[in-house]
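Numbering (my numbering), first residue to last: 6 to 332.
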């Protein structure tokens with residue numbers, strides 16, 4: 006019987022109505038230390054982990070060389086030392102694209118919430134200031150996606166879904182990516198390529214959709230934020246490490262940008278002293294925060310879990326795994 010260690014909690018399987026094969030010995034863990042993770046994997050054949058936790062570093066990997074596959078339930082694998090895993094001949098796989106539509110839908114929702122000042126209106130009305138906030142919003146002016154210039158940083162599966170929705174809503178869409186798309190793909194999506202600096206300067210909304218790696222860590226810092234046009238919005242549903250949180254907090258305090266919507270922090274969960282959680286009331290009103298939920302709808306989680314279990318089943322049945330990220 007194959008032993009599968011799952012750092013993905015059982016309630017996620019139950020909530021998504023995903024059933025584990027009866028002939029598997031699956032053991033659910035919640036390790037708080039490297040030692041606990043290593044001990045839990047002592048007799049295991051496979052390791053199933055969420056995309057964001059736990060950290061599987063070189064020390065952990067050197068102690069679990071018997072593992073036949075580390076399967077990430079999601080597209081992300083930045084918490085796994087894939088280079089060391091490759092050296093130790095431990096395959097690491099992910100499930101790309103399974104939650105792309107969910108993240109794209111969430112991103113569009115954040116854009117609308119920021120442009121229409123939905124949360125601010127909600128707070129003010131509940132505080133008894135209906136007339137005041139209505140007058141303020143009318144005088145301020147509320148924009149819509151149609152005719153907005155929206156810049157996407159990253160045009161992978163998620164970015165492409167976002168681009169399609171934005172086009173249907175009448176937006177002008179540009180993108181920056183370390184790897185430019187083919188001309189036919191740009192034409193199909195009706196997007197234009199720009200340098201990062203040009204995209205930041207020209208966009209009403211900038212939305213981040215890049216993976217976390219050595220080239221994207223700290224990609225949006227003080228200098229990049231200062232390039233953004235006054236009153237523009239920043240959305241991050243990718244990874245917290247991509248944005249300098251201190252610099253973003255400063256920009257929100259000064260009102261240099263119109264606002265931001267952040268679904269991801271570094272670290273997660275955010276610490277109490279995180280600068281984005283210690284803003285003045287005025288700056289706080291410019292920020293929407295959510296707990297890394299853009300891609301974890303019931304439907305998306307079901308797809309990711311099922312694809313992950315199917316990949317483990319491939320190896321159990323003597324087939325090579327798919328979507329290996331550390332060849």
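Beta carbons are placed, not taken as given, at the ideal position from N, Cα and C, and that holds for glycine.
Task: Burial state of residue 233, where buried means 16 or more other Cβ atoms lie within 10 Å - done: On the chain shown, residue 233 is found 228 positions in, with the first residue counted as 1. It counts as buried.
Open item on the list: If you measure between the beta carbons of residue 107 and residue 266, is that distance less than 8 Å?
Closed with: What you label residue 107 is simply residue 102 of the chain shown in a count that begins at 1. What you label residue 266 is simply residue 261 of the chain shown in a count that begins at 1. No, the pair does not count as a contact, with Cβ atoms beyond the cut-off.
Task: Reference residue 31; option with closest CA among 276, 303, 18, 71 - done: Counted from its first residue, the chain shown places residue 31 at position 26. Checking every option, the nearest Cα to that of residue 31 belongs to 18.
TODO: Taking all protein chains shown into account, decide if residue 283 is buried (16 or more other Cβ within 10 angstroms of its Cβ) or exposed.
DONE: If you number the chain shown from 1, residue 283 lands on position 278. So residue 283 ends up on the exposed side.
- [ ] Mark residue 147 as exposed unless 16 or more other C-beta atoms lie within 10 angstroms of its C-beta, in which case mark it buried.
- [x] Your numbering for residue 147 matches position 142 in the chain shown. Exposed, since its Cβ has fewer than 16 Cβ neighbours within 10 Å.
Open item on the list: Using CA atoms only, rank isn't needed, just tell me which of 38, 292, 53, 295 is closest to residue 312.
Closed with: Position 307 of the chain shown, counted from the first residue, corresponds to residue 312. It is 53 whose Cα lies nearest to the Cα of residue 312.
Task: Proximity below 8 Å, CB of residue 90 to CB of residue 66 - done: Locating residue 90 in the chain shown gives position 85, where the first residue counts as 1. Locating residue 66 in the chain shown gives position 61, where the first residue counts as 1. Yes.
Task: Closest Cα partner of residue 294 within the set 328, 250, 36 - done: The residue labelled residue 294 in the question sits at position 289 within the chain shown. Per the Cα distances, 250.
Open item on the list: Let me check understanding here. Comparing Cα to Cα, which of 203, 160, 208 lies closest to residue 191?
Closed with: Within the chain shown, the letter at position 186 stands for residue 191. Among 203, 160, 208, the Cα nearest to that of residue 191 belongs to 160.
TODO: Taking residue 30 as part of the beta strand (DSSP E), name the residues at either end of that continuous run.
DONE: Here residue 30 is taken as the residue at index 25 of the chain shown, counted from 1. Residue 30 -> beta strand (DSSP E) spans 29-33.
TODO: Count the other CB atoms, across all protein chains shown, that sit within 10 Å of the CB of residue 291; report buried if there are 16 or more and exposed otherwise.
DONE: Numbered from 1 along the chain shown, position 286 holds the residue referred to as residue 291. It is buried - the Cβ of residue 291 has at least 16 other Cβ atoms within 10 Å.
Open item on the list: Would the stretch 201-210 count as touching the stretch 168-183 if we require 3 or more Cβ pairs under 8 Å?
Closed with: yes
Open item on the list: Buried or exposed, going by whether 16 or more other CB atoms sit within 10 Å of the CB of residue 26?
Closed with: Within the chain shown, residue 26 is the residue found at index 21, counting from 1. With fewer than 16 Cβ atoms within 10 Å of its Cβ, residue 26 is classed as exposed.
Task: Continuous beta strand (DSSP E) assignments of at least 3 residues falling wholly in the stretch 66-94 - done: 74-78
TODO: Identify which residue in 9, 82, 12, 22 has its Cα closest to the Cα of residue 303.
DONE: Reading the chain shown from its first residue, position 298 is the one you call residue 303. With distances taken between Cα atoms, residue 303 lies closest to 22.
- [ ] State the DSSP-derived secondary structure class of residue 308, mapped to helix, strand or coil.
- [x] Counting from 1 along the chain shown, the entry for residue 308 is found at position 303. Residue 308: helix per DSSP, three-state reduction.
Open item on the list: Check whether the stretch 234-242 and the stretch 259-274 touch, using three or more Cβ-Cβ pairs below 8 Å as the test.
Closed with: yes
- [ ] Report yes if the C-beta distance between residue 221 and residue 299 is below 8 Å; otherwise report no.
- [x] Counted from its first residue, the chain shown places residue 221 at position 216. Counted from its first residue, the chain shown places residue 299 at position 294. It is not a contact, given that the beta carbons lie outside the stated cut-off.
Task: Cβ distance (whole Å) where residue 317 is taken to contact residue 51 below 8 Å - done: Taking the first residue of the chain shown as position 1, residue 317 is located at position 312. Taking the first residue of the chain shown as position 1, residue 51 is located at position 46. Rounded, the Cβ-Cβ distance is 5 Å, consistent with contact.
Task: Closest by C-alpha distance to residue 331, when choosing among 98, 79, 217 - done: Stepping through the chain shown from its first residue, residue 331 is reached at position 326. Of 98, 79, 217, the residue nearest in Cα terms is 98.
Task: CB of residue 43 within 8 Å of CB of residue 69, strictly - done: Within the chain shown, the letter at position 38 stands for residue 43. Within the chain shown, the letter at position 64 stands for residue 69. The answer is yes: Cβ separation under 8 Å.
- [ ] Starting from the C-beta of residue 171, find all residues in its chain whose C-beta is less than 7 Å away, skip the five residues before and the five after it, and write them out in chain order.
- [x] Taking the first residue of the chain shown as position 1, residue 171 is located at position 166. These residues qualify, in order along the chain: 150, 155, 178.
- [ ] Check whether the Cβ atoms of residue 227 and residue 252 lie closer than 8 Å to each other.
- [x] Here the question's residue 227 lines up with position 222 in the chain shown. Here the question's residue 252 lines up with position 247 in the chain shown. Yes. Within cutoff.
Task: Nearest neighbour of residue 125, chosen from 15, 139, 162 [CA to CA] - done: Position 120 of the chain shown, counted from the first residue, corresponds to residue 125. Comparing Cα-Cα distances from residue 125 to each of 15, 139, 162, the minimum goes to 139.
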